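Chemist: Handing you a structure now.
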Amino acid sequence: MQRPHSVVVLVLDGALPLDVGIPAEVFHPETGFPYEVSVCGVEPGTVPAHGGFGYAVSRGLEALAGADTIIVPGYAPAGRQVPAEVQEALRSAAARGVRIASICYGAFALADAGLLDGLRATTHWDAVKQLAERHPQITVEPNVLFVDEGLILTSAGAAAGIDLCLHIVRSDLGVSAANEIARSLVTAPYRSGGQAQYLPKNSSVPHGDTLAGTREWVLLRLDQHLTIDGLAAHARMSPRTFLRRFADETGNTPLQWILRARVDAARELLEGTRLSIDQIADQVGLGTGSNLRLHFRRIVDVTPSEYRATFAGGSGHAGVGSGQFPALSSQL
């Protein structure tokens, strides 16, 4: 029997409870997908958490030796130096090829261990300046939800950890699996890593997701010809205002966002149907099979046929040998 993919959450002193809970929920075996999730600390015992909480952990850093994926939740205060043995354990795991991800201020632990040197990374918006000043060798992305650098991933604060964990599931098991878990969590199934963390303070737009309704409207009409004028009219804005607000909320132009939504829809059809490439291209609004292949390869980094061979069947359990998932480089 194939063993499940082991996700170990490293709980450090001052851990933020929401950050710890996110991977525990997303990767919980009760989702029906082949993950197992556990927590550890620097050593067994009670780890004091932010807000007066505490976590009883039965294992110390030795638990990381059996991990396929390690997630480091945020901890307060931001930027506090983590113990040397934590840094060494993270470096050792990275050298073995373990996937390591951080949520919120957890990026500082990865940075202190040298795992982010020469890479792009992010953290909560209120700490990006601190991270950049302390680690100038890192390209800090100040206004994105998460950054995927292959085996090293970082996310912004709080709910952005959900986006990162769903992105991991999507890369491991496909779109259908990520969507199913998102539905159980009553959360948006997909927000791209490039989506903005928050609206600029000098924006006249009220803080919030003002165009969510229009994006939902678009997702129901991907097979149709969509224009900026049509989207702006639905949002009851001028095209100029619509373009500005859309970029503020998503980090993309409407046409970029629609293209990626169409590729994401194609992924789900490749997983769960036997439709031809040309039929799928028509259903998601990409017109021809050659057009689908062009954009799919550019965004997902594999061909539609290769993707279908990995994830076909709709179960999302393909490729789970020895705890490792197929290496698909998703840029969605």
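Letter by letter, the sequence shown follows residues 1 to 332 of full-length UniProt numbering.
Glycine included, every Cβ here is placed at the ideal spot set by N, Cα and C.
Owing to the predicted nature of the structure, the values given are computational and were not obtained by experimental measurement.
1. Would L286 and I258 qualify as a contact pair, given that the criterion is a beta-carbon distance under 8 angstroms?
2. When the Cα atoms are used, what is the spatial distance from D68 to S155?
3. So, with DSSP's three-state summary, where would you put L275?
4. Just to check my reading of the structure: residue 388 and L211 have Cβ atoms closer than 8 angstroms, yes? What is that Cβ distance to the nearest angstrom?
5. Under 8 angstroms by Cβ, that's how I've got P23 and P4 pegged, so tell me the actual separation to the nearest angstrom.
6. Measure the Cβ-Cβ separation of G106 and G74 and say whether it is below 8 angstroms.
7. Taking just the CA atoms, how far does T310 sit from R120?
8. Take F108 and list the residues in its own chain whose beta-carbon comes closer than 6 angstroms to its own, dropping the five residues that flank it on each side.
9. Is it right to say R96 is buried, meaning 16 or more other beta carbons lie within 10 angstroms of its own, or is it exposed?
10. From this set, A113, L145, L115, which residue's C-alpha is nearest V128's C-alpha?
11. Please report the distance separating the alpha-carbon of Y307 from that of E36.
12. Mind checking D223: buried by the 16 CB within 10 Å criterion, or exposed?
13. If we call anything under 8 angstroms between Cβ atoms a contact, is V147 one with E271?
14. Tell me which residues share the same chain as V20 and place their Cβ nearer than 8 angstroms to its Cβ, disregarding the 5 neighbours each side in the sequence.
15. Use the C-beta contact count for S238: other C-beta atoms within 10 angstroms, 16 or more gives buried, fewer gives exposed.
16. Around the Cβ of T46, are there at least 16 other Cβ atoms within 10 angstroms (buried) or fewer (exposed)?
17. Among the residues of its own chain, which have a CB less than 6 angstroms from the CB of A76, if the five just before and after it don't count?
18. Just list the residues that DSSP pairs H5 with in beta bridges.
19. Should L294 be labelled buried (16 or more other beta-carbon atoms within 10 Å of its own) or exposed?
20. Figure out for me which residue from C104, R170, A113, L110 has the closest Cα to the Cα of A160.
21. In terms of residues, what are the limits of the beta strand (DSSP E) holding D223?
22. On the DSSP letters alone, give me the boundaries of the beta strand (DSSP E) that A101 sits inside.
23. So, are the CB atoms of L64 and A93 less than 8 angstroms apart?
24. Within 10 angstroms of the Cβ of F33, are there 16 or more other Cβ atoms? Answer buried if so, exposed if not.
25. Just to check, is the beta-carbon of L243 closer than 7 angstroms to a non-hydrogen atom of the ligand ATP?
26. Measure the alpha-carbon distance for R114 versus I181 and round it to whole angstroms.
27. Please report how far the alpha carbon of S102 lies from the alpha carbon of Q87, in whole angstroms.
Modeler: On the basis of the coordinates in this document:
1. No. Outside cutoff.
2. The alpha-carbon atoms of D68 and S155 are separated by roughly 19 angstroms.
3. Judged by DSSP in its simplified three-state form, L275 adopts coil rather than helix or strand.
4. Because the chain spans 1 through 332 in this model, residue 388 falls outside it and cannot be assessed.
5. P23 to P4, Cβ: 14 angstroms. No contact.
6. Yes, they are a contact pair.
7. Distance between the alpha carbons of R120 and T310 is about 28 angstroms.
8. Closer than 6 angstroms at Cβ, skipping near neighbours: G79.
9. That one is exposed.
10. For V128, the nearest C-alpha among the options comes from L145.
11. About 25 angstroms.
12. Exposed, since its Cβ has fewer than 16 Cβ neighbours within 10 Å.
13. V147 places its beta carbon 8 angstroms or farther from that of E271.
14. These residues qualify, in order along the chain: V9, V11, V39, A49, Y55, P73.
15. Under this definition S238 is an exposed residue.
16. Exposed, because fewer than 16 other Cβ atoms sit within 10 Å of the Cβ of T46.
17. If you ignore the 5 residues before and after A76, its C-beta comes within less than 6 angstroms of the C-beta of G14, H50, all in its own chain and listed in chain order.
18. Its beta-bridge partners are Y35.
19. With fewer than 16 other Cβ atoms within 10 Å, it is exposed.
20. Ranking C104, R170, A113, L110 by Cα distance to A160 puts C104 first.
21. Premise fails: D223 is in no beta strand (DSSP E) and is neither H nor E.
22. Where A101 is concerned, the enclosing beta strand (DSSP E) stretches over 99 to 102.
23. For L64 and A93, yes; Cβs fall inside 8 angstroms.
24. Label assigned to F33: buried.
25. The ligand ATP is not part of the structure shown, which contains no ligands of any sort.
26. Before going further, note that residue 114 is Gly rather than Arg in the sequence given. Taking the straight line joining both Cα atoms gives about 32 angstroms.
27. Taking the straight line from one Cα to the other gives about 13 angstroms.
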